[in-house]
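Residue 125 is where the sequence shown ends in the numbering used here, and the numbering goes up by one at each step.
Ideal Cβ positions, reconstructed from N, Cα and C, are used throughout, including at glycine.
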Amino acid sequence: ITRNHTLNAIRKLSLVKKKQDDINQHLSQKEEEIPAENYYSLLDNAVDQLPLQQRKVYLLRQQGLKNTDIAFQMNISVNSVKKYQQWALQAISKLIKTGTFSPVLFFFSIFF
Numbered sequence: 014i015t016r017n018h019t020l021n022a023i024r025k026l027s028l029v030k031k032k033q034d035d036i037n038q039h040l041s042q043k044e045e046e047i048p049a050e051n052y053y054s055l056l057d058n059a060v061d062q063l064p065l066q067q068r069k070v071y072l073l074r075q076q077g078l079k080n081t082d083i084a085f086q087m088n089i090s091v092n093s094v095k096k097y098q099q100w101a102l103q104a105i106s107k108l109i110k111t112g113t114f115s116p117v118l119f120f121f122s123i124f125f
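Rendered as structure tokens:
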């Protein structure tokens with residue numbers, strides 16, 4: 014059992030390292046193309062286009078609230094919060110991909 018746990022941990026670490034390398038490589042290629050202030054404006058535009066419930070869940074989550082707190086505050090179930098969050102992230106990713114800048118998508122994959 015210990016051997017399997019060790020092997021799984023090593024595999025996981027190698028995958029994380031590979032993802033970090035891919036992100037760093039992609040960001041270094043794109044950094045020169047777009048000024049930093051465009052990152053936030055693109056994200057703000059994407060968030061503004063979300064449906065109301067998804068936008069609320071996304072913004073409350075960005076404020077650091079847990080799913081249970083968001084569910085209580087919005088008077089919805091925790092599963093609904095999870096779904097709205099998932100849909101919001103998918104919509105933001107899609108909107109960003111169709112824009113001129115895609116590295117913001119990698120920031121979502123890092124933090125969520």
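{"Item": "Segment contact, 8 Å Cβ cut-off, at least three pairs: the segment 57-65 with the segment 100-109", "Value": "yes"}
{"Item": "As assigned by DSSP and simplified to three states, the class of Q75", "Value": "helix"}
{"Item": "Distance CB(Q76)-CB(A101) smaller than 9 Å", "Value": "no"}
{"Item": "Beta-carbon proximity check, Y71 vs Y53, cutoff 9 Å", "Value": "no"}
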